[in-house]
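Data first, discussion second: the structure below is written as structure tokens.
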DNA sequence: TATGAATGAGGGTTCATTCAT
DNA sequence: AATGAATGAACCCTCATTCAT
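Residue numbers (the numbering used here), protein chains in the order written: chain A, 202 to 411; chain D, 202 to 411; chain W, 202 to 411; chain X, 202 to 411.
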């Protein structure tokens with residue numbers, strides 16, 4: 202018996218914790234798919250539990266209630282979304298950085314179709330805390346865009362008279378708009394490459410010097 | 202006696218019809234406020250009836266069901282929204298026409314805060330017919346924007362190399378974005394005059410010649 | 202002007218009464234068809250009024266409520282049914298009288314498919330008064346059958362040891378059973394000529410002397 | 202310790218399952234009494250739950266909806282009814298077999314007063330599947346009666362010229378008629394011993410040789 | 001820790017009945 | 001006498017949440 206008593210005593214809780222964490226993750230994954238397909242109201246706790254392969258009651262050990270579960274799912278996805286957008290080293294010019302962000306944002310949302318639910322601010326539930334969580338992530342991202350704008354201005358690449366904060370808002374808005382279209386799958390709001398290209402050019406033409 | 206017999210005979214039904222129509226309007230008004238505040242799922246038939254000062258059952262004399270009521274509310278508001286945006290004669294230049302549209306759209310939505318619910322494509326209900334109704338209005342509006350763009354290009358006011366259709370899509374998107382903010386009342390997504398001004402400049406800088 | 206004042210004064214009410222009676226009949230006719238197709242619970246006051254070509258409210262001028270209307274419809278049809286069954290002069294023998302009654306009952310019900318709803322004692326409503334009305338008609342009919350049985354016994358045509366009252370009950374039961382089948386249209390309970398012939402023979406074999 | 206590990210591990214669920222099964226039975230019992238007294242339309246889910254001493258929602262864990270509950274109740278009762286009627290060994294003669302069936306049917310229905318609701322084909326609900334289920338039981342019973350008739354004919358006990366299939370139909374009809382009277386409790390349609398005796402004699406006289 | 005049976009408030013909808021016109 | 005708009009109680013059913021096991 203190579204293991205000491207202590208290790209044995211600790212091992213089981215460790216296993217337990219692992220198993221528990223895995224179940225938590227399974228629930229979150231099921232919640233992502235349900236909320237993404239059906240929205241908050243359409244998704245039922247029962248269906249989430251079923252897809253996670255656990256009982257109804259177990260959800261309430263990890264999450265206060267359905268809304269809390271939604272908040273957590275949303276918080277995680279915004280975190281990942283913002284992470285995915287940060288400029289790469291290869292984005293040397295400020296314009297390339299903006300373009301890269303928009304394109305990576307669109308790509309990310311094509312792969313994670315839940316995010317737009319937040320971005321479009323789905324209603325019908327207490328959004329206060331959700332908005333809070335969202336704001337915590339959204340504002341830093343806008344600040345990042347603003348810093349790129351400032352870099353572009355300093356480099357003489359962007360117009361010197363931009364209202365940096367407001368323009369950052371507009372750019373972030375466009376990013377979420379065209380990212381969200383992957384989710385809507387509504388032919389009236391296409392996310393074809395042509396449209397994305399046009400949005401990129403629109404954005405750059407608006408900020409670049411004549 | 203200036204009234205003919207016919208008019209007298211029809212008078213009573215006319216009174217009734219008036220009263221009935223007024224109640225229909227009260228229901229629509231209540232529905233607008235409920236759907237606007239609470240979304241489709243959050244709004245209850247009972248609350249709508251309560252705010253309209255009528256009984257639950259009366260709603261079903263005018264509207265097939267809750268969803269039909271929603272469709273009618275939406276259809277009316279999109280109709281009015283599109284109407285409100287059409288360029289005025291005073292908008293002589295193409296740029297002035299675009300700016301006027303965006304500003305009028307924002308103003309309209311400040312006064313009619315339900316519209317953005319459609320624009321953001323609220324989920325969780327049978328949207329097929331709603332999307333259809335929406336598309337019927339949205340595409341013509343995009344075409345209108347496209348025609349303004351073409352006028353600006355011909356006048357040498359806008360860049361000659363614009364992808365007219367796609368740029369019209371982007372502009373309409375921005376219009377609905379900043380119009381929608383009046384509805385959200387989310388400080389993270391402000392609709393302050395500064396932001397609107399910035400959005401207008403952003404749009405014009407993107408399409409005007411250097 | 203050949204008409205006296207009195208006649209004029211009376212004529213209009215007379216016309217009115219006629220028109221009123223005609224509407225009452227239209228309502229009854231509509232009620233027969235609705236109750237027959239849909240049963241008591243399935244039939245709605247609105248549909249009956251629609252088929253009669255009158256307003257909802259008018260029904261309540263002629264009938265206390267939906268149940269009262271049902272009672273009247275039922276009472277009329279039982280009256281007609283019992284009338285239709287009375288033996289014809291041509292039914293010389295007692296056996297021929299019984300056979301004629303059963304066959305005429307079946308024929309009547311094929312033409313008036315509501316009756317069986319009563320005969321089967323549809324539930325779910327206050328049947329007390331309805332049963333009363335039914336009993337008022339049903340018992341006389343049983344008595345009529347009993348008198349035919351007695352005539353057959355006296356004539357040596359039927360068994361002398363029949364319990365006349367009880368056998369009359371059984372025969373009336375069979376009459377309503379096979380009459381009712383026209384209404385059910387359930388292939389499991391056919392009302393084919395063969396079945397009716399068999400029922401007739403069964404009945405006659407049961408009462409005739411060896 | 203006579204119990205194996207497996208048994209111990211299963212014991213707790215077993216308790217639960219027992220309790221659950223008992224509640225299911227209480228619901229079925231309550232449904233029987235409600236449907237029997239009030240019919241399908243008259244019985245409400247709320248009243249059934251109240252009589253069963255459970256919540257409204259629990260019914261929907263066991264049964265898809267009200268109609269499904271009705272189907273199950275009906276299926277069980279028909280199954281038991283057909284079982285109760287099968288001839289006993291003591292019924293040596295064919296006539297005794299027929300008499301026994303009718304009397305046992307009546308006795309069964311006195312104890313299970315819902316059955317006749319099916320037999321009378323209550324309307325106003327989707328009867329397709331119910332009729333199917335019923336037919337599945339009813340026709341075999343008719344076949345059983347037909348085989349008894351054939352046995353009686355072969356034994357010289359019954360008339361040789363009977364139309365076996367049709368006569369079986371008539372006999373089954375009489376069985377359900379007089380069985381159903383226990384349910385109606387309508388003095389106009391008595392199920393007194395005298396009436397039952399008369400029905401038995403009627404049936405036997407109709408099939409026995411002169 | 002994990003289950004899932006059980007709860008019950010609340011949803012949308014129907015429809016017999018009334019009453020102002 | 002006749003209308004039909006209006007009522008509102010009652011229906012069936014869903015589902016987030018709890019708790020005995």
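We treat Cβ as the ideally placed atom computed from N, Cα and C, and that holds for glycine.
Check, Outcome
"Contact under 7 Å by Cβ, residue 399/D with residue 336/A", "no"
"Nearest residue (CA-CA) to residue 225/D, options 244/D, 261/D, 240/D and 245/D", "261/D"
"Residue 224/W (DSSP reduced to helix, strand or coil)", "helix"
"Under 7 Å (Cβ pairs) to chain W, residues found in the region 365-378 of chain X", "367, 368, 370, 371, 374 and 378"
"Nearest-angstrom Cβ-Cβ length linking residue 253/D and residue 227/D, presumed shorter than 8 Å", "4 Å"
"Nearest-angstrom Cα separation, counted from residue 404/X out to residue 396/W", "16 Å"
"Supposed close pair residue 306/X, residue 256/X - CB separation, criterion 8 Å", "The Cβ separation is near 37 Å, so there is no contact."
"Rounded straight-line distance, which links the Cα of residue 266/W to that of residue 313/W", "23 Å"
"Contact between the region 278-292 of chain X and the region 355-369 of chain X (3+ Cβ pairs under 8 Å)", "no"
"Contacts that residue 400/A makes with chain D (C-beta to C-beta distance below 7 Å)", "371"
"Environment of residue 344/D [buried if 16+ CB atoms lie within 10 Å]", "exposed"
"Straight-line Cα distance separating residue 308/X from residue 401/X", "14 Å"
"is_contact[residue 407/X, chain W] using C-beta, thresh 7 Å", "yes"
"Inter-residue spacing [alpha-carbon to alpha-carbon] between residue 364/W and residue 276/W", "29 Å"
"Assumed close pair residue 366/X, residue 347/X - CB separation to whole angstroms, cut-off 8 Å", "6 Å"
"Candidates 221/D, 285/D and 340/D: closest to residue 263/D by CA position", "221/D"
"Proximity test, Cβ basis, 7 Å: residue 395/D and chain A", "yes"
"N- and C-terminal bounds of the alpha helix (DSSP H) containing residue 268/A", "267-286"
"Proximity below 7 Å, CB of residue 407/X to CB of residue 406/W", "yes"
"Short CB-CB distance (under 7 Å) between residue 237/A and chain D", "no"
"Among 368/X, 372/X, 229/X and 351/X, the one whose alpha carbon lies nearest that of residue 295/X", "351/X"
"Identity of the residue in 238/X, 240/X, 371/X and 354/X nearest residue 411/X by Cα", "354/X"
"Listed by chain order, chain X residues near residue 340/W by CB distance under 8 Å", "389"
"Residue 233/X vs residue 274/X beta-carbon contact at 7 Å", "yes"
"Continuous beta strand (DSSP E) assignments of at least 3 residues falling wholly in the region 355-393 of chain D", "none"
"C-alpha distance - residue 376/D paired with residue 245/A, whole-angstrom precision", "35 Å"
"Cα-Cα separation, residue 394/A to residue 310/A", "14 Å"
"is_contact[residue 436/X, chain W] using C-beta, thresh 7 Å", "With chain X running from 202 to 411 in the structure shown, residue 436/X is simply not present."
"Separation of residue 250/A from residue 207/X, as counted between CA atoms", "Only weak support exists for where residue 207/X lies, its pLDDT of 44 falling under 50; the coordinates are left without a value."
"Residue(s) in a DSSP beta bridge with residue 218/A", "For residue 218/A, which the question treats as bridged, DSSP gives no partner whatsoever."
"Nearest candidate by alpha-carbon position, reference residue 282/X, set 303/X, 298/X and 248/X", "303/X"
"Chain D within 7 Å of residue 264/A, Cβ atoms only", "no"
"Interface flag, residue 297/D vs chain A, CB-CB below 7 Å", "no"
"Beta-carbon separation (whole angstroms), residue 378/A vs residue 378/D, contact threshold 8 Å", "6 Å"
"Residue closest to residue 243/X, alpha-carbon to alpha-carbon, out of 219/X, 229/X and 271/X", "271/X"
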